[in-house]
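Structure record follows, encoded as structure tokens.
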Amino acid sequence: MTIFGRWIGKFVLLFGAVIGLTGPARAEDGYDLWLRYPTLATTGARSATTIEARGDTPTLNVAAAELRRGVGLFGTSTLPILLATTNDPDVAALRLPLAALGDEGYRVGQVTLGSRRVLLVTANTDRGVLYGSFALLRHLQTGGSVDRIDLTSTPRVKLRVLNHWDNLDGVVERGYAGASLWDWWTLPDFRDPRYTDYARANASIGINGTVLNNVNAKAESLTAPYIAKAAALADVFRPYGIKVYLSARFSAPIELGGLKTADPLDPQVAAWWKAKTDEIYRSIPDFGGFLVKANSEGQPGPRDYHRSHADGANVLAAAVAPHGGIVMWRAFVYAETDPDDRAKQAYTEFKPLDGKFAPNVIVQVKNGAIDFQPREPFHPLFGAMPKTPLMIEFQITKEYLGFATHLAYLGPLFAETLGSETTRTPGETVAKVVDGSVEGHRLTGMAGVANIGRDRDWAGSTFNQANWYAFGRMAWDPTLGAAPVAREWAAMTFAPSPAVIDPVVSMMMGSREAVVDYMTPLGLAHVMATGHHYGPGPWVADLKRPEWNPVYYHRADKAGIGFDRTKTGSNAVAQYAPELARKLAAPATTPERDLLWFHHVPWTYRTNSGRSVWAEMVHDYDAGVGYVAGMRRQWDGVKTEVDAERWAKTATYLAVQEREARWWRDASLAYWMSVNGQPLPAGAAAPAHDLAWYKAQRFPYAPGNPQ
1 MTIFGRWIGK
11 FVLLFGAVIG
21 LTGPARAEDG
31 YDLWLRYPTL
41 ATTGARSATT
51 IEARGDTPTL
61 NVAAAELRRG
71 VGLFGTSTLP
81 ILLATTNDPD
91 VAALRLPLAA
101 LGDEGYRVGQ
111 VTLGSRRVLL
121 VTANTDRGVL
131 YGSFALLRHL
141 QTGGSVDRID
151 LTSTPRVKLR
161 VLNHWDNLDG
171 VVERGYAGAS
181 LWDWWTLPDF
191 RDPRYTDYAR
201 ANASIGINGT
211 VLNNVNAKAE
221 SLTAPYIAKA
231 AALADVFRPY
241 GIKVYLSARF
251 SAPIELGGLK
261 TADPLDPQVA
271 AWWKAKTDEI
281 YRSIPDFGGF
291 LVKANSEGQP
301 GPRDYHRSHA
311 DGANVLAAAV
321 APHGGIVMWR
331 AFVYAETDPD
341 DRAKQAYTEF
351 KPLDGKFAPN
361 VIVQVKNGAI
371 DFQPREPFHP
381 LFGAMPKTPL
391 MIEFQITKEY
401 LGFATHLAYL
411 GPLFAETLGS
421 ETTRTPGETV
431 AKVVDGSVEG
441 HRLTGMAGVA
451 NIGRDRDWAG
461 STFNQANWYA
471 FGRMAWDPTL
481 GAAPVAREWA
491 AMTFAPSPAV
501 IDPVVSMMMG
511 SREAVVDYMT
521 PLGLAHVMAT
531 GHHYGPGPWV
541 ADLKRPEWNP
551 VYYHRADKAG
561 IGFDRTKTGS
571 NAVAQYAPEL
581 ARKLAAPATT
591 PERDLLWFHH
601 VPWTYRTNSG
611 RSVWAEMVHD
621 YDAGVGYVAG
631 MRRQWDGVKT
641 EVDAERWAKT
651 ATYLAVQERE
661 ARWWRDASLA
671 YWMSVNGQPL
681 PAGAAAPAHD
691 LAWYKAQRFP
701 YAPGNPQ
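Note that the sequence shown covers residues 1 to 707 in full-length UniProt numbering.
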């Protein structure tokens, strides 16, 4: 089955806003994602549109094929579509100002070639033409017309990469959409058509790289059989402009090479990495390079040999450099190296290494200093390493935001982080650090931990698809707003009709804040149950290492709540630029959304609303639950506008979310009351059960948690 070619059921999609036709919603299962093109049989149109590709490259061919799949969007238009790069003589004769498009930018517009008026999709490379073709289809899917079309765009970030935390046994760590998409057992012989569909979906939003295996890597990923399997996937992805990367286990020279050490300064180790890299490039000539997690959560790394992270990264960088490859070295270092505050570890280890990494190394930094929480302040490393390219890492899969069943649109989270001002230089935002515009770096990137599995809808639910979509669009341009991206996705996923788009976008835009409210209000963090991170566990206090316990992060006692990160506590505020650090040093000047992240305050501390911290927390918990109830009502209102299958699954998940939001609210309040001895504010409902009941809940087989 192809991704966008199978039309399930007897109903047709409402495409009146695009082609002037109407009809009842059709049934479908979400496999088509946001690329749900009408067929000519569905629309009843007989398009006279012709599509011509100048050149015979695999990428130009798939671009033309994609437009033919979507030809129903053009209705009765007779305007020919021409795909051509700027080295085509006819395009060159137009003298269009296209040099600034770079290798991946595009221009789509009407031009006259000789006596013929055509819709030209052009770029400096065939990859740019592919992105322009998808931009044209997106324009039409969202209600745009062919008349006076003028689309020009260039990506602001070079590396736009998905990180798959897929294991070789098919289990996806923190995956909530079924088993791994990669069937390692049947590769390289059988190339599942889903691999092509995956590549098409990624190319449609500008993603140009994929890391195939878990950052908690197995050395076997670098053996000859698995290199051949990766090469087969690279062959499928190549026409869509997608490079393959591999997570490398730092100790592979020992496990595969029989060496006694993996010391990055040992010449034998360097020689092993060079030989292994050369072997990979013989099979995958355009191999992108390595992603490495080192000295974190038990993974081996250079610090095992008293070497720095720069030493470790540079030995791999030297191996891939002759081939044009890069190394993405993660700054996530979760180890017993900074016992007073886990949030300080990455800055403490990496800041002194600024300027010591090889030119083809990019340091991959999580959006926040701990671990993909519903809300975290931006990571203090952004802006603090001006001599080193930094690649921001977001989690698309919702490890801490309700897995697959909670509707939590992450566009606002992405935008909030990217728009944060570092105050290190005037006008500097995290986005400007990431896209290289502040320090002038040419090696730039955004990584997203994928939420993709073998579920028919790819992401575990329809609305989880929106986070994959938003990541790709905002990696292409970090300044895109969350709301415009949500509107695009809603129009393409459901219908380009305000009757659908307006309520759906309304649901989406407040959904992440609702999760924050019923899970981690006012800057609380990591209060989830341990291990699987499913459900609340703010009471957990008996694990071996202090920072494994939720009590470590909230520090609640009878006097107050919150982690003191000022100079009277861990002094983590000092890792930010001085101007920002001064604001964060006092509760009154700290953004209230981050209050308990930076301060331990009395339960009676007055918030901006005039309520005490305790009353404000209760208010937020209730607001979060209430928002989910409101989403259920909004979704009920679009039942006649959305196909029955996707509507029913979403409605069921929203009911699950409301039940679990109440669970979060009640369990958390029961625990906080056991600590602070405070009564609930007037009118607030008591928890449904006592604290002992909530503590007794067990979920040994929660998804996404390798057993």
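Just so it is clear, CB atoms sit at the ideal spot from N, CA and C, and this is done for glycine as well.
Because the structure is a prediction, the values reported are computed rather than measured.
For residue i, the first and last residue of its enclosing alpha helix (DSSP H)
{"i": "W468", "result": "462 to 476"}
{"i": "R512", "result": "498 to 519"}
{"i": "G637", "result": "613 to 637"}
{"i": "E488", "result": "482 to 493"}
{"i": "Y553", "result": "550 to 554"}
Bridge partner(s) assigned by DSSP for residue i
{"i": "P602", "result": "G560"}
{"i": "I392", "result": "V365, M446"}
{"i": "L159", "result": "G445"}
{"i": "F382", "result": "F382 pairs with nothing; no bridge assigned."}
{"i": "V172", "result": "D166"}
Beta-carbon proximity list for residue i, same chain, < 6 Å, skipping 5 on both sides
{"i": "A466", "result": "Y409, W489"}
{"i": "K356", "result": "A310"}
{"i": "S570", "result": "D340, D341"}
{"i": "V327", "result": "G289, F290, A313, L316, A317, V361"}
{"i": "A294", "result": "F250, G301, G312"}
{"i": "A529", "result": "G535, G537"}
{"i": "D455", "result": "A177, G178"}
{"i": "P386", "result": "E439"}
{"i": "F403", "result": "Y176"}
{"i": "G704", "result": "R174, G175, Y176"}
{"i": "Q373", "result": "Y400, A525"}
{"i": "A358", "result": "N314, A317"}
Boundaries (first-last residue) of the beta strand (DSSP E) holding residue i
{"i": "K366", "result": "361 to 366"}
{"i": "D150", "result": "150 to 153"}
{"i": "N202", "result": "Where N202 is concerned, there is no enclosing beta strand (DSSP E), although the alpha helix (DSSP H) it sits in stretches over 193 to 204."}
{"i": "A575", "result": "Just to set this straight, residue 575 is Gln in the shown sequence, not Ala. That residue, Q575, is in no beta strand (DSSP E); it is neither H nor E in DSSP."}
{"i": "T210", "result": "209 to 211"}
Same chain only: Cβ atoms within 7 Å of residue i, ignoring 5 sequence neighbours per side
{"i": "P503", "result": "Q634, G637, V638"}
{"i": "A459", "result": "A177, N451, I452, Q465, W468"}
{"i": "S674", "result": "L691"}
{"i": "R191", "result": "A232, V236"}
{"i": "W165", "result": "V172, E173, R174, G175, N214, V215, V449"}
Of the listed residues the options, nearest to residue i (C-alpha basis)
{"i": "K544", "options": "V320, D88, E336", "result": "E336"}
{"i": "L596", "options": "L401, V333, H526", "result": "H526"}
{"i": "I392", "options": "A224, D371, L60", "result": "D371"}
{"i": "residue 734", "options": "S461, R107, V363, H600", "result": "Residue 734 lies beyond the residue range present for the chain, which begins at 1 and ends at 707; the question has no answer from this structure."}
{"i": "R54", "options": "V551, T125, G30", "result": "T125"}
{"i": "P389", "options": "A682, T444, L113, G419", "result": "T444"}
{"i": "P578", "options": "I284, T425, G30", "result": "T425"}
{"i": "P700", "options": "W165, H532, V215", "result": "H532"}
{"i": "S115", "options": "N167, D90, F350, G128", "result": "D90"}
{"i": "T50", "options": "L94, L120, L101", "result": "L120"}
{"i": "L233", "options": "L181, A655, L580", "result": "L181"}
{"i": "G324", "options": "K351, Y198, Q345, Y281", "result": "Y281"}
{"i": "D477", "options": "R611, E104, E439, A514", "result": "E104"}
{"i": "W272", "options": "V215, I284, D286, E255", "result": "E255"}
{"i": "G132", "options": "S145, T112, A486, S153", "result": "S153"}
{"i": "T423", "options": "G436, R582, R487, H599", "result": "R582"}
{"i": "residue 708", "options": "S308, A64, K218, S204", "result": "Since the first residue shown for the chain is 1 and the last is 707, residue 708 is missing from the structure and cannot be characterised."}
{"i": "W603", "options": "P546, Q678, E660", "result": "Q678"}
{"i": "T650", "options": "G241, D88, M507", "result": "M507"}
Any C-beta of chain B under 8 Å from that of residue i
{"i": "I205", "result": "Protein chain content of the structure displayed is limited to a single chain, and chain B is not contained in it."}
Cut-off 8 Å between Cβ atoms - residues of its own chain near residue i, not counting five sequence neighbours on either side
{"i": "P380", "result": "Y347, A369, A572, Q575, Y576"}
{"i": "K344", "result": "D338, A369, S570, A572, Q575"}
_Whole runs of the alpha helix (DSSP H) within the region 522 to 548, excluding any shorter than 4 residues_ = none
*May I have a chain-ordered list of the alpha helix (DSSP H) segments no shorter than 4 residues that lie completely inside the region 419 to 444?*
430 to 434
*At which residue ranges does the UniProt domain "Alpha glucuronidase N-terminal" (33 to 136) contain complete beta strand (DSSP E) runs of 3 or more residues, listed in the order of the chain?*
51 to 53, 81 to 85, 106 to 113, 116 to 123
*Residue ranges of each beta strand (DSSP E) run of no fewer than 3 residues wholly in the region 302 to 348, ordered along the chain?*
326 to 330
*Whole alpha helix (DSSP H) elements within the region 221 to 298, 4-residue minimum*: 224 to 237, 252 to 255, 267 to 283
*Could I get the ranges of all uninterrupted alpha helix (DSSP H) runs contained in the region 645 to 695, with 4 residues as the minimum, in chain order?*
691 to 695
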